[in-house]
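K.L.:
Let me begin by handing over the structure; questions about it come next.
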Amino acid sequence: MLKLEDITVRYGATVGVDRVSLSVGEGELVTLIGANGAGKSTTLRAIGGLEPLVSGRITFEGTTISGAPTPEIIERGIAHCPEGRRVFPQLTVRENLEMGAYRRRDRQRARDDMEKMLDRFPRLRERIKQPAGTLSGGEQQMLAIARALMSRPRLIMFDEPSLGLAPNFVEQVFGLVMDIRAEGTTVLMVEQNAYAALEMCDRSYLLETGRVVSHGSAAEMLANPDIRKAYLGG
9 MLKLEDITVR YGATVGVDRV SLSVGEGELV TLIGANGAGK STTLRAIGGL EPLVSGRITF
69 EGTTISGAPT PEIIERGIAH CPEGRRVFPQ LTVRENLEMG AYRRRDRQRA RDDMEKMLDR
129 FPRLRERIKQ PAGTLSGGEQ QMLAIARALM SRPRLIMFDE PSLGLAPNFV EQVFGLVMDI
189 RAEGTTVLMV EQNAYAALEM CDRSYLLETG RVVSHGSAAE MLANPDIRKA YLGG
């Protein structure tokens with residue numbers, strides 16, 4: 009479904025991602041793990057058209073999307089739930105959800121989908137007229153997920169969905185990710201909690217200093233002694 013072939017991203021003279029290749033099959037939940045600064049978020053941003061490639065190619069469902077503008081990538085079926093939520097703080101909950109569907113032309117179905125999101129996230133319905141900036145961190149994460157789903161993606165990318173959340177919200181968010189995958193949406197996720205990520209996923213890639221240094225099934229990665237020592241507390 010999604011394929012990255014030797015992609016490289018630079019920030020000036022600094023290499024953010026160095027010849028990274030990976031794939032995500034339809035219906036899979038694939039995770040990227042690694043230390044801060046390893047290039048995980050940059051990889052997602054490159055897929056979403058937010059970072060230009062120096063070299064390499066990204067294809068989605070057989071079509072090259074590297075170099076395409078972000079709105080076109082969203083229309084093709086890829087949504088990005090970014091690190092830090094990135095909701096529009098001055099806009100209401102309703103307006104944030106509407107922004108998630110701004111490229112859709114099926115307006116009635118979009119309105120129906122908003123009702124489904126509000127049924128799925130009752131707290132958002134309770135706060136539908138509040139500015140998003142007044143929500144708690146967990147509520148903002150729910151809004152960010154709902155906003156991403158409003159585009160009806162076939163692949164959704166989560167960047168550190170548990171970051172900065174209280175433990176009860178972390179459990180809810182991981183449950184939502186699993187539910188979204190069970191409903192048929194393909195998932196590519198960056199997650200700081202490597203153990204939780206490997207417990208959830210089908211396959212995983214380990215990035216270090218911008219490069220893929222290991223990849224395999226969840227079971228293979230959990231059994232790897234180097235990964236256990238460096239990322240799973242031994």
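The opening residue of the sequence shown carries number 9 in this note's numbering; numbering runs sequentially from there. We put the beta carbon where it would ideally sit given N, CA and C, even for glycine.
1) Suppose contacts are defined by Cβ-Cβ distances below 9 angstroms. Is Lys74 in contact with Ala54 by that definition?
2) Are three or more beta carbon pairs between the segment 130-139 and the segment 99-106 nearer than 8 angstroms?
3) Please go through the segment 42-75 and give each complete alpha helix (DSSP H) segment of 4 or more residues, from N-terminal end onward.
4) In the DSSP assignment, find the beta strand (DSSP E) that holds Ala231 and state where it starts and stops.
5) Less than 9 angstroms between the C-beta atoms of Val3 and Leu10, yes or no?
6) Please identify the residue among Leu12, Leu151, Lys137 and Pro233 whose C-alpha is closest to the C-alpha of Arg128.
7) Compare the Cα-Cα distances from Pro287 to each of Gly108, Arg93 and Glu123 and report the closest residue.
8) State the Cα-Cα distance for the pair Ala43 and Gly218, rounded to the nearest angstrom.
9) What does the Cβ neighbour count give for Gln116, buried or exposed, with the cut at 16 atoms within 10 Å?
10) Is Arg84 helix, strand or coil when you go by DSSP?
11) Going by DSSP, what residue range makes up the alpha helix (DSSP H) through Val95?
12) For His223, which residues of its own chain have a beta-carbon under 6 angstroms away from its beta-carbon, when the five flanking residues on both sides are left out?
13) Let me know the secondary structure DSSP gives Leu40 once reduced to three states.
14) If you draw a straight line from the C-alpha of Val17 to the C-alpha of Thr50, how long is it?
15) Could you check where the beta strand (DSSP E) with Leu132 kicks off and where it finishes?
16) Would you call the CB atoms of Val8 and Glu69 closer than 9 angstroms?
17) What are the residues that DSSP puts in a beta bridge with Tyr19?
18) Secondary structure at Leu99, three-state DSSP: helix, strand or coil?
19) Please look up how many angstroms separate the CB atoms of Gln149 and Arg93, rounded, as I've assumed it's under 8 angstroms.
20) Beta-carbon within less than 8 angstroms of Ala174's beta-carbon, same chain only, minus the 5 sequence neighbours each way: which residues are those?
21) When you compare the CB positions of Thr39 and Leu206, do they come within less than 9 angstroms of one another, or not?
22) Let me know if Met197 comes out buried or exposed under the rule of 16 or more other beta-carbons within 10 Å of its beta-carbon.
P.N.:
Reading from the atomic positions:
1) Note that residue 74 corresponds to Ser in the displayed sequence, not to Lys. Yes. Within cutoff.
2) The segment 130-139 and the segment 99-106 touch, with no fewer than 3 CB-CB distances between them shorter than 8 angstroms.
3) Counting whole runs of 4 or more residues, the segment 42-75 contains the alpha helix (DSSP H) stretches 48-55.
4) No beta strand (DSSP E) holds Ala231; the alpha helix (DSSP H) holding it covers Ala226 to Ala231.
5) The chain is shown from 9 up to 242; residue 3 falls before or after that span and cannot be answered.
6) Minimum Cα distance to Arg128 is reached at Leu151.
7) As displayed, the chain neither begins before 9 nor continues past 242, which places residue 287 out of reach and without an answer.
8) Here the C-alpha atom of Ala43 lies approximately 10 angstroms from the C-alpha atom of Gly218.
9) Classification for Gln116: exposed.
10) The answer is helix: DSSP assigns Arg84 an H, G or I state.
11) Under the DSSP assignment, Val95 falls outside any alpha helix (DSSP H); it carries neither an H nor an E label.
12) Within its own chain, the residues whose Cβ lies closer than 6 angstroms to the Cβ of His223, once the five positions on either side in sequence are excluded, are Tyr213, listed in chain order.
13) In the structure shown, Leu40 sits in a strand (DSSP, three-state: E or B).
14) Roughly 8 angstroms between the two C-alpha positions.
15) Annotation: Leu132 is outside any beta strand (DSSP E); the continuous alpha helix (DSSP H) that includes it extends over Pro130 to Glu134.
16) There is no way to answer for residue 8, as the model of the chain reaches only from 9 to 242.
17) Answer is Thr22, bridged to Tyr19.
18) Here Leu99 sits in coil by DSSP.
19) Here Gln149 really is in contact with Arg93; their C-beta atoms are around 6 angstroms apart, less than 8 angstroms.
20) Contacts found: Gly145 and Gly146.
21) Contact check for Thr39 against Leu206 passes: the beta carbons are separated by less than 9 angstroms.
22) By the neighbour-count rule (16 or more Cβ atoms within 10 Å), Met197 is buried.
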